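Data first, discussion second: the structure below is written as structure tokens.
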Amino acid sequence: MNPQTKHVCVIGAGIVGLSTAWRLMQDGWQVSVIEESAAPGLVTSYANGAQLSYSYVAPLAEPSALTSLPKWLLKKDGPLRIHPSLSPDFVRWSLSFASHCTTAKAHQTTRDLLGLGYLSRRVLRAWLADAPASWTTAAGLDYRTNGKLVVFRDQAALMSAGAQVAYQHSLNVGCEQYVLSAAECVAKEPALAAMQSKLAGGIYTPSEDVVDSHGLCMYLERLIVSRGGELRYDTRITGAVQEGRRCVALKLKSQSTVLEETDAASDVEEFKADYFVVAAGLSSRELLKKFDTRAPLLGLKGFSITLDCEHGIAPSVSITDSHHKIVFAKLGHRLRVAGMVDLGRENRDIDPSRIAALIKQARDNFPDAGDYAKVQTWAGLRPATPSGRPIIDQTACENVYANIGHGTLGLTLAAGSAELLADKLAGRTSSLPLEPFTFKAA
Ligand SMILES: Cc1cc2nc3c(=O)[nH]c(=O)nc-3n(C[C@H](O)[C@H](O)[C@H](O)COP(=O)(O)OP(=O)(O)OC[C@H]3O[C@@H](n4cnc5c(N)ncnc54)[C@H](O)[C@@H]3O)c2cc1C
Numbered sequence: 090m091n092p093q094t095k096h097v098c099v100i101g102a103g104i105v106g107l108s109t110a111w112r113l114m115q116d117g118w119q120v121s122v123i124e125e126s127a128a129p130g131l132v133t134s135y136a137n138g139a140q141l142s143y144s145y146v147a148p149l150a151e152p153s154a155l156t157s158l159p160k161w162l163l164k165k166d167g168p169l170r171i172h173p174s175l176s177p178d179f180v181r182w183s184l185s186f187a188s189h190c191t192t193a194k195a196h197q198t199t200r201d202l203l204g205l206g207y208l209s210r211r212v213l214r215a216w217l218a219d220a221p222a223s224w225t226t227a228a229g230l231d232y233r234t235n236g237k238l239v240v241f242r243d244q245a246a247l248m249s250a251g252a253q254v255a256y257q258h259s260l261n262v263g264c265e266q267y268v269l270s271a272a273e274c275v276a277k278e279p280a281l282a283a284m285q286s287k288l289a290g291g292i293y294t295p296s297e298d299v300v301d302s303h304g305l306c307m308y309l310e311r312l313i314v315s316r317g318g319e320l321r322y323d324t325r326i327t328g329a330v331q332e333g334r335r336c337v338a339l340k341l342k343s344q345s346t347v348l349e350e351t352d353a354a355s356d357v358e359e360f361k362a363d364y365f366v367v368a369a370g371l372s373s374r375e376l377l378k379k380f381d382t383r384a385p386l387l388g389l390k391g392f393s394i395t396l397d398c399e400h401g402i403a404p405s406v407s408i409t410d411s412h413h414k415i416v417f418a419k420l421g422h423r424l425r426v427a428g429m430v431d432l433g434r435e436n437r438d439i440d441p442s443r444i445a446a447l448i449k450q451a452r453d454n455f456p457d458a459g460d461y462a463k464v465q466t467w468a469g470l471r472p473a474t475p476s477g478r479p480i481i482d483q484t485a486c487e488n489v490y491a492n493i494g495h496g497t498l499g500l501t502l503a504a505g506s507a508e509l510l511a512d513k514l515a516g517r518t519s520s521l522p523l524e525p526f527t528f529k530a531a
């Protein structure tokens, strides 16, 4: 190794941490990744909706979010559920979220995220362009450009989505989207036939992709290892050693000693690096406190089911049922169905009533997709900022950076966020303005 090479330590081996690590390696950094789980991508990046949803980035914080609030508070089985809490994190986040619910701010966030989405598409496609088939198969990537069709059950919702399409088109950033009638939706995706009578129409975007998120994490891990990067699993960060405004080392503990709750000094290792990047998903909120930095994150809980659809009638195009706010993605012989947002429930328990609702809605839409009695279930916490934009920024510690807060779009935005973080560390001018992705703008 070149003695001039600087060493950067990335905390978290989810999709954001691994993308960051790989992009930094491409710039010639010596990279170590520290992860508390036993393998990559086992937390929020595991069984998410699998959508690389580059053109559907409009934030949750928009004017109708406030007018719909009473409905969400009262409806206990809707796609969005709020469990109000008096915790300072919840209160602060909610007030800030409300302040972002204006048309002007929602438009600005959409513009920022479209830029980041299209950057991500360019970067990820380059990473996958020369992927050896044996690697992608081993990782279970199931990556393809299959297009995305968002379907609507009432005319008013379709018209409002049509207005968003017109707005995005007016930005001249290359959004190719079409408004389709119900019959055109079924012609595009014949598996929708059972739903046709319920449909008002849909929005079709041909350029959207799908990929298995856990598979992509495993693929990135392989790339990192193949270039000599270091990955340390079962290792938890318990503290940091600082000198002035710099972090000189992290305090690490192997998970076995964490579980045994031993506090012996010999169990704690000091791990030195020149720079550190926190990409620890929702846990970044706690972790960043060690670096005197407050991260405005809340966990938006969601669920997924995965079923075998090899012999069933499942959609090949990605489908979003906007009425139930659930997404369907075909990954090889598997159908992934994901959705729901539970606010104020920051645990990863798999709630049987939410899974039952997901199964019912999936079966209503695609009755013959597969055996709904044999589904794999999952729950995750989307690490969300109030604005809906991720934070790609320096912390109060000058050699510690954050790449966090990707909310509902972490799989989609990870590659572009890694690119912006790499620009920041290299002191390069980025292809996008960085100000929207700062702590201040979150
Ligand atoms: C139901 C659902 C559906 C979704 N669908 C989509 C979709 O279709 N498209 C899309 O783009 N996004 C989707 N998302 C969002 C996406 O999954 C997340 O934004 C993304 O996974 C966040 O990645 P991350 O790397 O920031 O966090 P994580 O994947 O949670 O990774 C953080 C890692 O840091 C590790 N860590 C935490 N603390 C420490 C510590 N102290 N020491 C060491 N390691 C630590 C964790 O173990 C974890 O592995 C969905 C999310 C959910 C819940």
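Here the sequence shown is numbered in our numbering, starting from 90 and rising by one per residue. Ideal Cβ positions, reconstructed from N, Cα and C, are used throughout, including at glycine. As the structure is a computational prediction, the values presented were derived from the model and not from experiment.
- With contacts defined as CB atoms closer than 7 Å, Leu377 and Pro472 fail to qualify as a contacting pair.
- Relative to ligand 1, Thr501 has its C-beta within less than 6 Å of a heavy atom.
- Between ligand 1 and the CB of Arg517, the shortest heavy atom gap is not smaller than 6 Å.
- Between Val146 and the set Gly106, Val212, Ile123, Ala250, the nearest pair of CA atoms involves Ala250.
- Here the alpha carbon of Asp301 sits roughly 8 Å from the alpha carbon of Asn137.
- For Phe241, DSSP records a beta bridge to Gly290.
- Between the segment 214-230 and the segment 168-176, the count of C-beta pairs closer than 8 Å stays below three; the two stretches do not touch.
- Between the C-alpha atoms of Arg325 and Ser343 there is a straight-line separation of about 6 Å.
- For the set Ala368, Leu141, Lys160, the Cα lying nearest the Cα of Ala384 is the one of Ala368.
- Taking all protein chains shown into account, Val97 has 16 or more neighbouring C-beta atoms within 10 Å of its C-beta and is therefore buried.
- Around the beta carbon of Thr294, 16 or more other beta carbons lie within 10 angstroms, which makes this residue buried.
- Counting C-beta atoms within 10 angstroms of its own C-beta, Ser144 has 16 or more neighbours from the protein chains shown and is therefore classed as buried.
- If you draw a 10 Å sphere on the C-beta of Tyr267, you find fewer than 16 other C-beta atoms in it, and that means exposed.
- If you look at Met307, you'll find it in the alpha helix (DSSP H) that goes 302-315.
- For Pro456 and Met307, the gap between their C-alpha atoms comes out near 32 Å.
- When rounded, the separation of the alpha-carbon atoms in Leu371 and Asn492 is 11 Å.
- The three-state secondary structure of Thr234, taken from DSSP, is strand.
- The segment 163-201 is shown to contain whole alpha helix (DSSP H) runs of 4 or more residues at 177-188, in chain order.
- Under the three-state reduction of DSSP, Tyr143 is assigned to coil, being neither helix nor strand.
- Remark: the shortest separation between the CB of Glu124 and any heavy atom of ligand 1 falls under 6 Å.
- Look at Gly106 here: in three-state DSSP terms it is helix.
- With 16 or more other Cβ atoms from the protein chains shown falling within 10 Å of its own Cβ, Ser393 counts as buried.
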